[in-house]
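Chemist: Quick one: this structure, given as structure tokens, is what I'll be asking you about.
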């Protein structure tokens, strides 16, 4: 009987010493925070010609955007499926577009045929 009492006290002491598990944060995930921060960036307008399409990366020969500090030339633009869903994606097509300068590069936010 004394053995069961001693073991019970030992087990209860061990459980009490464990304490609660690690606290989980309800803050936004880093990916969500960066997406929200990117959406807050200003957009710039330009026109150009689609040079190449590689998945969700478009290479455009464009007229530049002086307000963004982007000179005329050829650049890769990251994009999203909803932006290119109704857009022309054939190389050689002239387009008008809006973009943002994000930490990860240039991102298309709108693309239309001209």
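Numbering (my numbering), first residue to last: -6 to 107. Note that beta-carbon positions come from the ideal geometry of N, C-alpha and C, so glycine has one too.
#1: In terms of residue numbering, what span does the beta strand (DSSP E) encompassing residue 102 cover?
#2: Looking at the strands, I want to know which residues DSSP matches up with residue 66.
#3: Is it buried or exposed for residue 68, if we count other Cβ within 10 angstroms and need 16 for buried?
#4: Just to confirm the assignment, what range does the beta strand (DSSP E) spanning residue 75 have?
#5: Have a look at residue 106 and residue 90 and give me their C-alpha separation to the nearest angstrom.
#6: Is any heavy atom in the ligand SAM found nearer than 7 Å to the beta carbon of residue 2?
#7: What whole-angstrom Cβ distance do residue 77 and residue 104 have, given they're in contact under 8 Å?
#8: Output the boundary residues of the beta strand (DSSP E) element that contains residue 40.
Modeler: On the basis of the supplied data:
#1: First-last of the beta strand (DSSP E) with residue 102: 98 to 106.
#2: In the DSSP output, where bridge partners are listed per residue, residue 66 has 55.
#3: Under the 10 Å beta carbon count, residue 68 is surrounded by 16 or more other beta carbons and is classified as buried.
#4: Careful: residue 75 lies outside any beta strand (DSSP E), inside the alpha helix (DSSP H) at 74 to 77.
#5: Computed Cα separation, rounded: 9 Å.
#6: The ligand SAM is absent from the structure shown, which contains no ligands of any kind.
#7: Between the beta-carbon of residue 77 and that of residue 104 there is about 6 Å, and that keeps the pair under the 8 Å contact cut.
#8: It spans 37 to 47 - the beta strand (DSSP E) in which residue 40 sits, taken as one unbroken run.
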